[in-house]
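Below is one structure, written out as structure tokens, with a few remarks after it.
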Amino acid sequence: MRVATWNVNSLKARQEKVDWWLERARPDVLLMQETKLADDDAPLLTFAMAGYTLVHHGEGRWNGVAAAVRQDLPVSDVVTNFGDGPVRDSGAGATGLDDEDADPLDEARMLAIRAAGIRLVSLYAPNGRVVGSPFYAGKLRWFERLRRWLDEAADPDEAILMGGDLNVAPADDDVWSAARAHGGTHVSAPERAAFRALLDWGLVDTYRSRRGEPGRFTWWDYRAGDFHANRGMRIDHLLASPPLADRVIWAEIDREARKGKPIPSDHAPLVIDIDEPGTPIDAGWEGALERIAARTKGG
DNA sequence: ATGTCCCAGTCTCTGGGA
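The numbering of the first sequence is our numbering, which starts it at 3 and goes up by one.
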């Protein structure tokens, strides 16, 4: 079982890159964020042609979360926006987040489904902009709502996998420079406490549980050659409940997807393989590609 | 380096967000 999460920074602009990556990595499930599409514009046919069912929760110009699931895996139990009702339309006429009444809990940032016996959640946490700003306060409120949803609607003894752009670098090893992180967000103590509250509930940071090295990031600013200088942050995560976390045999960030033309997203996909305990762990990405190709061929 | 990319509307440029 291969699951990935990727902030695509506009699914419309990135369709070709996403198609390429689905072919490259052949995930069973790809969780996506920042699709920037209304549900009516979700490219269901394009994903169907690639062999995937697309479940989409969007609002238009901003945000938007989705899950692409291998076509032969039935999808059930769809929940959007923590079950709190419809999000607001950010399309024509909307003023965006500058609206004083804007609340990230009214935005398309959460989608849960069940597939392959796993509860899968695609999450796009608010950016927060500047520590102490109303947007930062909204970010922390959103994390409180996420934790409450876990408390009320989920169970750490079941198979649950939460993936997404959480816009938090959990530790200093997860950022090129904690002192220079933009606006001080993503690394502040309250944000890291909000992340830890998810671990306290019972979730495991699957990437960190399998990969100890510092300086491995999922996001790099487009500007100033930050990607090539590896000035980035590890802010996209796959958090698993213990029954799943114990079976994670491999975790990787695919930097290849952040390179080349057409212009990629500013995030790279994070991917994990879940298999029987004791399955040998391949050294790197190419080995994992070979493993998935062999399994695909063998049925 | 105020550095780049996305989007929609004001529409071949601008402004907001990341």
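The beta carbon of each residue, even a glycine, is placed where N, CA and C say it ideally should be.
Below 8 Å on the Cβ atoms is my contact criterion, and I expect M164 with V123 to pass it. Report the Cβ-Cβ distance as a whole number of Å. For this step, residue 164 is matched to residue 162 along the first sequence. For this step, residue 123 is matched to residue 121 along the first sequence. Going by Cβ atoms, the distance from M164 to V123 rounds to 4 Å, so yes, they are a contact pair.
Given this structure, state the Cα-to-Cα distance separating I115 from G87, to the nearest angstrom. Walking along the first sequence from the start, residue 115 turns up at place 113. Walking along the first sequence from the start, residue 87 turns up at place 85. Rounded to the nearest whole angstrom, the C-alpha separation of I115 and G87 is 16 Å.
I need the straight-line Cα distance from L39 to A15, nearest angstrom please. As a position in the first sequence, residue 39 is number 37, starting the count at 1. As a position in the first sequence, residue 15 is number 13, starting the count at 1. Using only the alpha carbons, I get a separation of about 11 Å.
Residue(s) in a DSSP beta bridge with M306: Outside the shown range of the chain (3 to 301) lies residue 306, about which nothing can therefore be said.
So, V170 versus V5, is the Cβ gap smaller than 9 Å? What you label residue 170 is simply residue 168 of the first sequence in a count that begins at 1. What you label residue 5 is simply residue 3 of the first sequence in a count that begins at 1. No, the pair does not count as a contact, with Cβ atoms beyond the cut-off.
By Cβ distance below 6 Å, which residues in the same chain neighbour A155 in space, the five residues on each side in sequence not counted? Within the first sequence, numbered from 1, the residue matching residue 155 stands at position 153. Excluding sequence neighbours, A155 sits near nothing in its chain.
Going by Cα to Cα distance, which pick from H59, R72, G85, V71 is closest to S92? By 1-based counting over the first sequence, the position of residue 92 is 90. Answer by Cα proximity: H59.
P158 and P244: beta carbons closer than 9 Å? Start at 1 with the first residue of the first sequence, and residue 158 comes out as number 156. Start at 1 with the first residue of the first sequence, and residue 244 comes out as number 242. Contact flag set, yes.
Would you mind giving the Cβ-Cβ distance between H188 and N11, rounded to the nearest angstrom? I have them listed as a contact below 8 Å. As a first step, residue 188 is located in the first sequence; it is residue number 186 there, counting from the start. As a first step, residue 11 is located in the first sequence; it is residue number 9 there, counting from the start. The C-beta distance from H188 to N11 rounds to 17 Å, too long to meet the 8 Å contact threshold.
With distances taken Cα to Cα, identify the nearest neighbour of R213 among D175, I162, L246. As a first step, residue 213 must be located in the first sequence, where it is residue number 211. Residue D175 is the option with its Cα nearest to R213.
Give the C-beta separation of W178 and N232 to the nearest angstrom, bearing in mind that I take them to be a contact with Cβ-Cβ under 8 Å. Counted from its first residue, the first sequence places residue 178 at position 176. Counted from its first residue, the first sequence places residue 232 at position 230. Their Cβ separation, rounded to whole angstroms, is 7 Å, which keeps W178 and N232 in contact under 8 Å.
Below 8 Å CB to CB, which residues in the same chain sit around G166 once its five sequence neighbours on both sides are set aside? Looking up residue 166 in the first sequence gives position 164. Here the set comprises T7, N9, L33, Q35, V67, V123, S124, L125, Y126, A127, D238, H239.
Determine the contact status of K19 and A259, defining contact as a CB-CB distance below 9 Å. Looking up residue 19 in the first sequence gives position 17. Looking up residue 259 in the first sequence gives position 257. A contact, by the Cβ cut-off of 9 Å.
Give me the Cα-Cα distance between L47 and R90, rounded to the nearest whole angstrom. On the first sequence, position 45 is the one that residue 47 refers to. On the first sequence, position 88 is the one that residue 90 refers to. In a straight line, the C-alpha of L47 is about 25 Å away from that of R90.
Looking only at DSSP bridge pairs, what is H239 linked to? Against the first sequence, residue 239 aligns to sequence position 237. Beta-bridge pairing links H239 to G166.
Exposed or buried, which one is Y138 when buried takes at least 16 other CB atoms within 10 Å? Along the first sequence, read from residue 1 onward, the residue named residue 138 stands at position 136. Classification of Y138: buried, given that the 10 Å Cβ count is 16 or more.
Do you know offhand how far E193's Cα is from E25's? Residue numbering aside, residue 193 sits at position 191 when the first sequence is read from its first letter. Residue numbering aside, residue 25 sits at position 23 when the first sequence is read from its first letter. Each residue's alpha carbon lies about 35 Å from the other.
Going by beta carbon distance, what residues of the same chain come within less than 7 Å of P29, once the five residues before and after it are set aside? Numbered from its first residue, the first sequence carries residue 29 at position 27. Same-chain partners within the cutoff: R4, V5, A6, V273.
Does the beta-carbon distance from A44 to Y54 come in below 9 Å? The residue labelled residue 44 in the question sits at position 42 within the first sequence. The residue labelled residue 54 in the question sits at position 52 within the first sequence. It is not a contact, given that the beta carbons lie outside the stated cut-off.
Since M112 sits in a beta bridge, which residues does DSSP pair it with? Along the first sequence, read from residue 1 onward, the residue named residue 112 stands at position 110. Bridge partners of M112: L125.
CB contact flag (G204, F219, <9 Å): Position 202 of the first sequence, counted from the first residue, corresponds to residue 204. Position 217 of the first sequence, counted from the first residue, corresponds to residue 219. Their beta carbons are not under 9 Å apart, which means G204 does not touch F219 by this criterion.
May I ask which residues mark the beginning and end of the beta strand (DSSP E) holding W252? Numbered from its first residue, the first sequence carries residue 252 at position 250. Looking at the DSSP string, the run of the beta strand (DSSP E) that includes W252 is 250 to 255.
Buried versus exposed call for Y224 [16 or more other C-beta atoms within 10 Å across all chains shown]: Taking the first sequence and counting its residues from 1, the one referred to as residue 224 is at position 222. Per the 10 Å Cβ criterion, exposed.
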